[in-house]
Every structure is written in structure tokens, then in C-alpha cells.
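Student:
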Amino acid sequence: MARSNTTASGRPRSHRHVELLLAEDLPSVGKQGEIIKVKPGFARNYLLPQGLATVATAENKRRVELHRQKLEEIQRQKMQQLSQLADRVSKYSVTLEANANEEGHLYGSIVAIDISKALIAAGYAVEEDHIKLEGPLKELGMYTV
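Pasting the structure below:
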């Protein structure tokens, strides 16, 4: 038996999704600010009552786009500042003291936070997560970070 292309109300079956704007990141649904198409029941029974999404009106879409543009501009400025900081720090050398045995193995290890503290003491605003190490430094020597 063939299924009708319209619902009981006469609406086409192809319009069985509603557009929503996500207010929060949801696994397997989407990220905050995305416009998603979901079935009306999922929207009505879960997303809208929980405050996880709002109806994707033209005004809401415009607000999200403006917010996204502001975030991109802030991210660009931050990357530019970090690039300038990296240029200044690349000309600087840090010496860290640590206890080691005769073979040159450190009793502890030097990690990103140790390097960050040394750079902050030298006047560079470098956070721990800006420093990329392949692993903790466990031997005496010179390292380029």
C-alpha cells in the first residue's frame, strides 16, 4: 500500500523538520550557534523545554551571525598577539636549575608550567598551554621549545 505524500492536515511530508538554533553543544546533534533541522517531536518534547535550542527566526540567526563575527575577530586579535609574543620569546633563552645524577638524568622533570613560570618571571606573559612539549624534559641539555 502506497503512502500519501501529504499528512492529514494537508501539509507535504517533506516539511517534517523544524529549524532550531542550538543554545548549547549537544553530542550527536550539533554545536552551540548551529542551525539544525530536527523532527518536531524532538524539538517540542526535549530541545525547547530544556532550553537547549530556540526557534531559528531571522532575528535569532542575525544575532548568532553577529556574535560569531565578534568571536572570530577576537580570535584573530588573540592569534596576532600570540604571534608577536612568540617572536619576542624566540629570541630569549631560559635556564632552569634542577637536580640530576652523574649520567645527566633529572631526579624530577621539567614540564610546561616550569618553563611558563620562568618566562613570566622574565616579563613574558606566556601561559602553560602556549608551550608545546613532546613530553617532560628528563635529562640535562639544551632544548628548543
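Numbering of the sequence shown is given in the working numbering, commencing with residue 42 and proceeding in unit increments.
Don't be surprised by glycine CBs; every beta carbon is placed ideally from N, CA and C.
Glu65 and Gln73 - do their beta-carbons sit closer together than 8 Å?
Tutor: Yes. Within cutoff.
Student: Which word fits Val167, buried or exposed, when buried means at least 16 other C-beta atoms lie within 10 angstroms of its C-beta?
Tutor: Buried, by the Cβ-count rule.
Student: Do Leu147 and Ala153 have their C-beta atoms closer together than 8 Å?
Tutor: No, the pair does not count as a contact, with Cβ atoms beyond the cut-off.
Student: Check whether the segment 74-81 and the segment 95-108 are in contact - that is, three or more C-beta pairs closer than 8 Å.
Tutor: Yes, since at least three Cβ pairs between the segment 74-81 and the segment 95-108 fall closer than 8 Å, the two stretches touch.
Student: Throw me the rounded Cβ distance for the Tyr133 and Ala163 pair, which I believe falls under 8 Å.
Tutor: Rounded, the Cβ-Cβ distance is 7 Å, consistent with contact.
Student: Residues in its own chain within less than 8 Å of Gly71 by CB, not counting five upstream and five downstream?
Tutor: Same-chain partners within the cutoff: Leu63, Ile77.
Student: Closest to Gln137 by C-alpha separation, out of Arg117, Leu88, Pro68, Ser150, would be which residue?
Tutor: First, the amino acid is wrong: residue 137 is Leu here, not Gln. Out of Arg117, Leu88, Pro68, Ser150, Ser150 has the C-alpha closest to the C-alpha of Leu137.
Student: Measure the C-alpha to C-alpha separation of Val135 and Glu169 and round it to an integer number of angstroms.
Tutor: In a straight line, the C-alpha of Val135 is about 15 Å away from that of Glu169.
Student: What are the complete alpha helix (DSSP H) segments, minimum 4 residues, inside the segment 88-158?
Tutor: Listed in chain order, they are 99-131.
Student: In the DSSP assignment, what are the bridge partners of Lys60?
Tutor: Note that residue 60 corresponds to Glu in the displayed sequence, not to Lys. Lys78.
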